Amino acid sequence: MSTNRRNTNTEAMKFLEALRGGPLTFGQMIESVRRTDDISQVELARRMKISRAHLCDIEKGRRTVHPERAAAFARVLGYSVNQFVAVAVEDELRKAGLAVRVRLDAA
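Just so we're aligned, residue 2 is where the sequence shown starts under the numbering used here, counting upward by one.
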């Protein structure tokens, strides 16, 4: 990923967090991306091979997403795997009471 793309992603995340009034959760990010890309829950669930109810639970924060699933969402939606995995890991850390930012770089 180029520096410009990384900066754009960072700025987009800051913008979305400002709109939401706090850190962006993985579910909020998925819902925002899905709506922006005009994809229904039914369609994204079909692409991910999960139920619509499962996707709804992810978007509403009732289910957590492991890094492997976060990467799958990124690939299916055509977005940065690093960004999606970082947000999913940040969710887990927040639930553990650790308010930290995660930044991932390709190995």
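Just so it is clear, CB atoms sit at the ideal spot from N, CA and C, and this is done for glycine as well.
All values derive from a computational prediction rather than experimental measurement.
Distance between K50 and E93, taken at the CA atoms: about 23 Å. The three-state secondary structure of T37, taken from DSSP, is helix. Comparing alpha carbon positions, the residue from R63, R48, V103, H67 closest to Q84 is V103.
By the neighbour-count criterion, in which a residue is buried when 16 or more other Cβ atoms sit within 10 angstroms of its Cβ, A75 is buried. For R48, the closest C-alpha among the options A89, G79, G98 is that of G79. By the 16-neighbour rule on beta-carbons within 10 angstroms, V86 is buried. 9 Å or more divides the Cβ of F27 from the Cβ of A97.
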